[in-house]
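Data block below; observations after.
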Amino acid sequence: MLRLPAEFDLHALEVFVVTVELGGMTASATQLRITQSAVSQTITRLEAGLGTPLFDRSLRPLGLTPAGRALYERARKLLTTARTVIDEVREGAHLPVDQITLAMSETFATLLTAPVLSRFGMRVGRWRIRSGISLVQQQDFLARRVDMLVTGSNTLEKHPGTEHHDVMDDPFVLIFPRDYTGTADPSEAAERLPFIRYSLDHGMGQRIESQLTRMKLRLPNVIEVDIIHQQLTSVALGIGWSITSALCLAAMPTLVDQLRIEPLPRGRFSRRVQVVGRSGELGNLALQTAQMARDVLMVDTMTPLLQQLPWIEDLMK
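Residues in the sequence shown are numbered from -8 upward in steps of one, following the working numbering.
Below is the structure:
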């Protein structure tokens, strides 16, 4: 029977995989909360146990050797299997998952934090719930600083080793001050009021900007905000007009009556809200979170808005 080298263990594989994915030993040490020297020594011992170099140290940043590339693909699968075993054993013994970091945009965090903790709180020993810029959260997810995401961005859909569970389609709509009397054509609106742009630091802002480009609309960058409340309040006060999503409106019900809300006359578009996790990790928690989020967002959050503006439901189909 082939005996495994003493240096070939799950911890060494994790150090190796994280170093590959983060592109260097310094970043790997920060993520794993160990010293850079410990990372270097672990990888050196792993190479000695396997009898072959894994990194081409002549390259900057570090490059993988053919043996390193082969190990990386297999090590990822081994670590996924190991984490699944741990999850299943702990679940079978009625023990909570040690810790989960869940990241969401500010809107999703406002709507979903309490339901998540109420429904799944006892399944996790320590919850770390983060809200903020979606593009930063995606980078943190890839760097394993985040375990699950609730996001309206599809950037990670083609990334290997991820699973995506749909929550809902969230259509974008035009919003004007309540007393705006012009047509709902963005070109005319741009001549009468400044466009209030949602920050490009957010996935939603990038999605809107991409659609404006497709519509060949060049709108001056006069006002830019990065919080939904800023956006809706500015429009309600008559400062300008904007494009937002139906879900963002539903999350701010007290402002809806102060706005004129219209469908886009052309170039209609939406974003798909998803829960993103890592394949083979955390059991079915990502799927169950998506199912719970769908119930909360579609039933509790969207129903009052759809009663006021029933035409939005047609945009969600």
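A virtual CB, placed ideally from N, CA and C, is assigned to each residue, including glycine.
Following the DSSP letters along the chain, one finds residue 5 in no beta strand (DSSP E) but inside the alpha helix (DSSP H) bounded by residues 1 to 13. Spatial neighbours of residue -4 in its own chain (CB-CB distance under 6 Å, excluding positions within 5 residues in sequence) are listed in chain order as 40. Comparing alpha carbon positions, the residue from 205, 203, 243 and 229 closest to residue 218 is 243.
Judged by pairs of C-beta atoms under 8 Å, the region 99 to 112 does not touch the region 66 to 78, as fewer than three such pairs exist.
For residue 150, no alpha helix (DSSP H) encloses it, and the DSSP letter there is neither H nor E. Just so you know, the alpha carbons of residue 232 and residue 301 end up roughly 22 Å apart. In the structure shown, residue 58 falls within a helical segment according to DSSP collapsed to helix, strand and coil. Residue 26 carries a coil assignment under DSSP once its states are collapsed to helix, strand and coil. With 16 or more other Cβ atoms inside 10 Å of its own Cβ, residue 162 counts as buried.
When the five nearest sequence neighbours on each side are left out, the beta carbons in the same chain lying within less than 7 Å of the beta carbon of residue 152 are those of 67, 269 and 270, in order along the chain. The beta carbons of residue 140 and residue 129 sit about 7 Å from each other, so the pair counts as a contact at 8 Å.
Residue state for residue 295 is assigned as helix, using DSSP reduced to three classes. For residue 178, the enclosing alpha helix (DSSP H) starts and ends at 177 to 183. Across the set 267, 280, 285 and 255, the C-alpha of 255 shows the shortest separation from the C-alpha of residue 305.
It is roughly 26 Å from the alpha-carbon of residue 123 to the alpha-carbon of residue 250.
In terms of CA proximity to residue 286, 264 leads the group 15, 221 and 264. Runs of the alpha helix (DSSP H) lying entirely within the region 170 to 241 and spanning at least 4 residues, in chain order: 177 to 183, 194 to 205, 219 to 227 and 237 to 241.
As far as DSSP is concerned, residue 17 takes part in no beta bridge. For the pair residue 196 and residue 144, the CB atoms are not nearer than the 7 Å cut-off. Judged by DSSP in its simplified three-state form, residue 94 adopts strand.
Note on geometry: alpha-carbon atoms of residue 245 and residue 227 lie some 11 Å from one another. The region 176 to 189 makes contact with the region 205 to 219: 3 or more CB pairs, one atom from each, lie closer than 8 Å. The three-state reading of DSSP puts residue 265 in strand, counting E and B together.
In the DSSP assignment, residue 141 falls within the beta strand (DSSP E) that extends over 139 to 142.
With contacts defined as CB atoms closer than 7 Å, residue 18 and residue 30 fail to qualify as a contacting pair. In terms of Cβ geometry, residue 89 and residue 112 do not form a close pair [threshold 7 Å].
Taking C-alpha positions only, residue 229 is separated from residue 239 by approximately 19 Å. Just measuring C-alpha positions, the residue of 114, 127, 167 and 62 sitting nearest residue 94 is 127.
Taking C-beta atoms as the reference points, residue -1 and residue 34 fail to come closer than 7 Å.
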